[in-house]
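Student: Throughout, my numbering is defined as the position within the sequence shown, counted from one, plus 86. Every residue gets a Cβ at the ideal spot worked out from N, C-alpha and C, and that includes glycine. Nothing here was measured: the structure is a model prediction, and the numbers come from that model. This is the structure I have questions about; it appears just below.
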Amino acid sequence: MAKNTPYLDLYQKESTDINDTFNITTILNDNWDKIDTDSKTKDNRITAIEDDLNAPQYTPPIYNTSSIFSVGVGTDENGDSLDYSESVEKGQVSVGMKGLTVSQLIQNGDFSNGTTGWFINNGNTSTGNGLLQITGDGAGATIQLVSGNSNYLTNINGNKVFVACKVKINDNTNCNFIRLRLLNNNDNSMLAQEVISSPNATEYYELKVIATLDGLSDDFRIIIDVNYVSDTDANGKIFTINGNYGVFAIPMTANGIEDYTEEQMLEIVRGGYWEGTKSTISTRILTHNKNINNDTQDNGNYIEKYYDSSGNAISNNTYQMVENKRLPVISGKTISIGSDFGIGEVIAEFDINNNFIQRQVNTGGVFSLSQNTYYINFCIKKDSSPLTQDINVMIAYSDSIQSYVSHENSKSYIQLPQEIIDGGGMKSLPNGTNDEVKDGVLTQNVGNKKDVHSQTGWVINTTQTNTITFRLENYLTNAQDNLGNKNAILSIGAYMLTMNGSLISDDNDLEFSISNNKLFINIAKAKLSTEDVAGFESWLQSQGSSSLNYQLAEPKTYDLDITPLTVFENGTMIVEPFLPGKAITYDATTGNGLDFPHSVTEIEKIEDINGVKILEDDITLAEDGLSCTITGATDGEVYTVYAPIKPENSTIPTTVAKYVMNSAANDEQQNKSICQLSDNVISLQDQVAALVLSNS
87 MAKNTPYLDL
97 YQKESTDIND
107 TFNITTILND
117 NWDKIDTDSK
127 TKDNRITAIE
137 DDLNAPQYTP
147 PIYNTSSIFS
157 VGVGTDENGD
167 SLDYSESVEK
177 GQVSVGMKGL
187 TVSQLIQNGD
197 FSNGTTGWFI
207 NNGNTSTGNG
217 LLQITGDGAG
227 ATIQLVSGNS
237 NYLTNINGNK
247 VFVACKVKIN
257 DNTNCNFIRL
267 RLLNNNDNSM
277 LAQEVISSPN
287 ATEYYELKVI
297 ATLDGLSDDF
307 RIIIDVNYVS
317 DTDANGKIFT
327 INGNYGVFAI
337 PMTANGIEDY
347 TEEQMLEIVR
357 GGYWEGTKST
367 ISTRILTHNK
377 NINNDTQDNG
387 NYIEKYYDSS
397 GNAISNNTYQ
407 MVENKRLPVI
417 SGKTISIGSD
427 FGIGEVIAEF
437 DINNNFIQRQ
447 VNTGGVFSLS
457 QNTYYINFCI
467 KKDSSPLTQD
477 INVMIAYSDS
487 IQSYVSHENS
497 KSYIQLPQEI
507 IDGGGMKSLP
517 NGTNDEVKDG
527 VLTQNVGNKK
537 DVHSQTGWVI
547 NTTQTNTITF
557 RLENYLTNAQ
567 DNLGNKNAIL
577 SIGAYMLTMN
587 GSLISDDNDL
597 EFSISNNKLF
607 INIAKAKLST
617 EDVAGFESWL
627 QSQGSSSLNY
637 QLAEPKTYDL
647 DITPLTVFEN
657 GTMIVEPFLP
667 GKAITYDATT
677 GNGLDFPHSV
687 TEIEKIEDIN
697 GVKILEDDIT
707 LAEDGLSCTI
717 TGATDGEVYT
727 VYAPIKPENS
737 TIPTTVAKYV
747 MNSAANDEQQ
757 NKSICQLSDN
767 VISLQDQVAA
777 LVLSNS
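The structure is reproduced here in structure tokens:
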């Protein structure tokens, strides 16, 4: 029997003599026992497969470094693109978050200190409102802004660097180009450039380059310029560099983001200018369905929210963050404004700092956004036709009119522990280590940010021929010792250093290391005014800013209270820095009222100690976004604040999510499970049938 049914893997018994005699009872019992055992095993397998069929199917983990993106779209952990946007169904999702630390090297890139650190060629300067304006003086055809000594960037072979700025001209008559360049100081060789030929007048251009440095021994500098046909053509022309956007130089290799694309780097700098180092702070994750319009649709509401011919809003409106690579399309549930819906639709566009860009009036319902649009407002243009019924407006990402669906959204707040906030937020290191939120638990792998330039108490550790090593004791706790794997990074002024070597310098002028929670800095004697502790501490303080991030020897964990998040079919996810319910005591004596730890863009809501929401008309937000007053509030009252923080205060974390897939997306996986189920059942049936047949 067993020889005739080899695939059933039954036991075989050799005969004891030439008559092929053996104990039939023994062999039959053995085979029935085997089938009984196989039956139990396969029954367990079948149950597991049935459970798999009944369980919801999920996408693989999808990673994202953007502040706004379609649910189901991103990359795998290796950076390869994934798109499950048509497979995601409405349901709860757990979103993980990885912290990011980024340092940039430019100082006074917002021109808040005039032109300190910069040289001007062929022009006269003026500053104000965050803008540097250079007016051509006729001495040359090229009006230039050049980084000075404090903004020279030191070159390391193979390092990648990202540089960006935003510029415009007031008059393009006989203008050849505007340009951003990186030049080597040693021989003026070109490292990278972006050129815009024949630029439009008054239009801002975002100039950016990613350069792989070639290992030349000298510094390199940034040059931002505009070129006209002649000196006369350049005379009197105004070249504007936008300091609100800022001039950035971010060493990608040193920050551990060497593989970031240009678009990912732009996400880092578009939030507004910042200096030194920043990390990820408390965050709100907002999801909504394909209707991104969450404004109130009361009778006559949109008519009141009218924009004048300059695009200025007569009354306030809710800003909608948008993906500017996608077209918004207007649809409506009620199609009665005058004679037809679609007459007088107005989109007003704003940049990331809520500065007005342009206003469009469209009767076709499709709006193409400008390059720098970050928020939009929508209203119905005021006309002579009365509005007699409610208007339910849908704004969707599409190239055609969509069937109306009402707006839905969900919010989840990730409030970091105060210890983490005080320590600089969720951080990362060049070796890929980062702080991470997963399944409601924050794991801190990187120590709280340490200030170095203001520290005293240094002692001389050793003295060499050209350098001195200084030591600071009792400064760090739970620090992992130097492992030579970029597990710590030190930023001092324009220097960025990793353990026992420099990420930005190509010499041995400055090095640091950590051992037994002690910090060691080795510095060239030539940098010091005096070769002693006083000279070293004076040099540190002159650098203006510093931060030390280091890997912990033992990670720390914190349990977080995170609200469940719902995602929607064809929906969008928005990740932004946020005050997610921070309790703040009202201070009437200063006149500020509620002081915020970071500048906010608006107030989502404020609740009193009893959870009662404060009316919007009773809240006045300060112009700088750092405080607000409340009508009728008294000193000492505690309020809970929910407000989006200005993007320049935080990096965008990497989010990780697995989404529930809809039934259509499950079909392939279910078919595989059904095939496995069928194979197991057939195999078991064959075993039993073969044995019964052999005994008949």
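I need the straight-line Cα distance from Glu-390 to Pro-730, nearest angstrom please.
Tutor: Your numbering for residue 390 matches position 304 in the sequence shown. Your numbering for residue 730 matches position 644 in the sequence shown. Per-residue confidence for Glu-390 stands at a pLDDT of 41, beneath the threshold of 50, marking its modelled position as unreliable; the derived number appears in the next sentence. Each residue's Cα considered, the two are about 26 Å apart.
Student: Using DSSP's beta-bridge definition, name the partner residues of Trp-204.
Tutor: Stepping through the sequence shown from its first residue, residue 204 is reached at position 118. Answer by DSSP bridge pairing, in chain order: Ser-233.
Student: Starting from the Cα of Glu-559, find the closest Cα among Lys-252, Asn-552, Ile-546, Leu-502 and give me that residue.
Tutor: Along the sequence shown, one-based indexing puts residue 559 at 473. Among Lys-252, Asn-552, Ile-546, Leu-502, the Cα nearest to that of Glu-559 is on Ile-546.
Student: Comparing C-alpha positions only, which one of Gly-511, Val-333, Asp-618 sits nearest to Thr-187?
Tutor: On the sequence shown, position 101 is the one that residue 187 refers to. The shortest C-alpha separation from Thr-187 is found at Gly-511.
Student: How big is the Cα-Cα spacing for Ile-150 and Gly-630?
Tutor: Counting from one through the sequence shown, the residue named residue 150 turns up at place 64. Counting from one through the sequence shown, the residue named residue 630 turns up at place 544. The displayed chain sequence assigns Asn, not Ile, to residue 150. The alpha-carbon atoms of Asn-150 and Gly-630 are separated by roughly 34 Å.
Student: How many Å lie between His-789 and Lys-668 at the Cα?
Tutor: Given that the chain is displayed from residue 87 to residue 782, the structure contains no residue 789 and the question cannot be resolved.
Student: Quick check: the stretch 534-545 against the stretch 626-645, are there 3 or more CB pairs under 8 Å?
Tutor: Taking 8 Å as the limit for Cβ pairs, the verdict is that the stretch 626-645 does touch the stretch 534-545.
Student: Rounded to whole angstroms, what is the Cα-Cα separation between Leu-266 and Ser-284?
Tutor: The residue labelled residue 266 in the question sits at position 180 within the sequence shown. The residue labelled residue 284 in the question sits at position 198 within the sequence shown. Rounded to the nearest angstrom, the two C-alpha atoms are 15 Å apart.
Student: With a CB to CB cut of under 6 Å and the five nearest residues on each side skipped, what residues in its chain are close to Phe-205?
Tutor: Locating residue 205 in the sequence shown gives position 119, counting from the first residue. Around Phe-205: Val-232, Gly-234.
Student: Contact defined as beta carbons within less than 8 Å: I believe Tyr-461 pairs with Leu-413. What is the distance between those atoms, to the nearest angstrom?
Tutor: Here residue 461 refers to the residue found at position 375 when the sequence shown is read from its first residue. Here residue 413 refers to the residue found at position 327 when the sequence shown is read from its first residue. With 8 Å as the limit, Tyr-461 and Leu-413 do not qualify as a contact, their Cβ atoms being about 16 Å apart.
Student: Should Leu-701 be labelled buried (16 or more other beta-carbon atoms within 10 Å of its own) or exposed?
Tutor: Along the sequence shown, one-based indexing puts residue 701 at 615. So Leu-701 ends up on the exposed side.
Student: At what residues does the alpha helix (DSSP H) containing Asp-319 begin and finish?
Tutor: Here residue 319 corresponds to residue number 233 of the sequence shown, with the count starting at 1. Looking at the DSSP string, the run of the alpha helix (DSSP H) that includes Asp-319 is 317-320.
Student: Less than 8 Å separating the beta-carbons of Val-315 and Asn-260?
Tutor: Locating residue 315 in the sequence shown gives position 229, where the first residue counts as 1. Locating residue 260 in the sequence shown gives position 174, where the first residue counts as 1. Yes; because the gap between Cβ atoms is below 8 Å, this pair is in contact.
Student: Thinking C-alpha only, which one of Glu-348, Ile-220, Gly-677 is nearest Glu-280?
Tutor: Here residue 280 refers to the residue found at position 194 when the sequence shown is read from its first residue. It is Glu-348.
Student: Any heavy atom of the ligand GDP closer than 7 Å to the beta-carbon of Ser-171?
Tutor: Judged by which ligands are present, the structure shown has none, so any question about the ligand GDP falls away.
Student: Does DSSP put Val-312 in a helix, in a strand, or in coil?
Tutor: In the sequence shown, residue 312 corresponds to position 226, counting from 1. In this structure, Val-312 counts as strand in the three-state DSSP scheme.
Student: For Gln-504, count the other beta carbons within 10 Å of its own beta carbon; 16 or more makes it buried, fewer makes it exposed. Which is it?
Tutor: What you label residue 504 is simply residue 418 of the sequence shown in a count that begins at 1. With fewer than 16 other Cβ atoms within 10 Å, it is exposed.
Student: Output the distance between the C-alpha atoms of Glu-409 and Gln-457, rounded to the nearest integer angstrom.
Tutor: What you label residue 409 is simply residue 323 of the sequence shown in a count that begins at 1. What you label residue 457 is simply residue 371 of the sequence shown in a count that begins at 1. Roughly 10 Å separates the two Cα atoms.
Student: With Gln-627 as the anchor, note down where its alpha helix (DSSP H) starts and where it stops.
Tutor: Locating residue 627 in the sequence shown gives position 541, counting from the first residue. Its alpha helix (DSSP H) spans residues 619-628.
Student: With Ile-433 and Phe-464 assumed to form a contact (beta carbons below 8 Å), what rounded beta-carbon distance in angstroms separates them?
Tutor: Your numbering for residue 433 matches position 347 in the sequence shown. Your numbering for residue 464 matches position 378 in the sequence shown. Contact flag correct, Cβ pair sits at about 6 Å.
Student: If you draw a straight line from the C-alpha of Tyr-728 to the C-alpha of Gln-230, how long is it?
Tutor: If you number the sequence shown from 1, residue 728 lands on position 642. If you number the sequence shown from 1, residue 230 lands on position 144. Cα to Cα, the separation comes out at about 44 Å.
Student: Between which residues of its own chain and Val-742 is the CB-CB distance below 6 Å, once the five residues before and five after are set aside?
Tutor: Against the sequence shown, residue 742 aligns to sequence position 656. Hits under 6 Å: Pro-147, Tyr-149, Gly-182.
Student: Might you give, ordered along the chain, the residues of its own chain that have their beta carbon closer than 7 Å to the beta carbon of Ser-624, omitting 5 neighbours on each side?
Tutor: Indexing the sequence shown from 1 puts residue 624 at position 538. The residues are Ser-615.
Student: Taking contact to mean at least 3 C-beta pairs separated by less than 8 Å, is the stretch 367-378 in contact with the stretch 645-661?
Tutor: Yes, they touch.
Student: With a cut-off of 8 Å, do at least 3 Cβ pairs link the stretch 638-654 to the stretch 509-528?
Tutor: Taking 8 Å as the limit for Cβ pairs, the verdict is that the stretch 509-528 does touch the stretch 638-654.
Student: Does Asn-735 come out as helix, strand or coil in the three-state DSSP assignment?
Tutor: The residue you call residue 735 lines up with position 649 of the sequence shown. Asn-735: helix per DSSP, three-state reduction.
Student: Please name the residue in Glu-292, Leu-596, Cys-714, Lys-611 whose C-alpha comes closest to that of Lys-691.
Tutor: The count along the sequence shown starts at 1 and reaches residue 691 at position 605. The residue with the shortest Cα to Cα distance from Lys-691 is Cys-714.
Student: Residues bridged to Thr-373 by DSSP?
Tutor: Here residue 373 refers to the residue found at position 287 when the sequence shown is read from its first residue. Partner(s): Ser-496, Met-659.
Student: Taking the CB atoms as reference points, tell me whether Ala-639 and Ile-600 lie closer together than 8 Å.
Tutor: Position 553 of the sequence shown holds residue 639. Position 514 of the sequence shown holds residue 600. Their beta carbons are not under 8 Å apart, which means Ala-639 does not touch Ile-600 by this criterion.
Student: Less than 8 Å between C-beta atoms, sequence neighbours within five positions excluded: which residues of the same chain meet that for Lys-611?
Tutor: Within the sequence shown, residue 611 is the residue found at index 525, counting from 1. For Lys-611, where only same-chain residues beyond five positions count, the Cβ hits under 8 Å are Asn-552, Thr-553, Ile-554, Glu-617.
Student: Any idea what DSSP makes of Val-355, helix, strand or coil?
Tutor: To locate residue 355, count along the sequence shown from 1; it is residue 269. The answer is helix: DSSP assigns Val-355 an H, G or I state.
Student: By the three-class DSSP mapping on this structure, what secondary structure does Ile-609 have?
Tutor: Here the question's residue 609 lines up with position 523 in the sequence shown. In the structure shown, Ile-609 sits in a strand (DSSP, three-state: E or B).
Student: Sort out for me which residues DSSP pairs Asn-150 with in a bridge.
Tutor: Here residue 150 refers to the residue found at position 64 of the sequence shown. Paired residue(s): Thr-741.
Student: Assuming Phe-197 and Thr-213 are in contact, meaning their beta carbons sit under 8 Å apart, how far apart are those beta carbons, in whole angstroms?
Tutor: Position 111 of the sequence shown holds residue 197. Position 127 of the sequence shown holds residue 213. Yes, they are in contact, since the Cβ atoms of Phe-197 and Thr-213 sit about 5 Å apart, within 8 Å.
Student: What is the DSSP secondary structure of Ile-367, counted as helix, strand or coil?
Tutor: The sequence position of residue 367 within the sequence shown is 281, counting from 1. Note: Ile-367 maps to coil in three-state DSSP.
Student: Do you know offhand how far Ile-343's Cα is from Gly-224's?
Tutor: Residue numbering aside, residue 343 sits at position 257 when the sequence shown is read from its first letter. Residue numbering aside, residue 224 sits at position 138 when the sequence shown is read from its first letter. Distance between the alpha carbons of Ile-343 and Gly-224 is about 43 Å.
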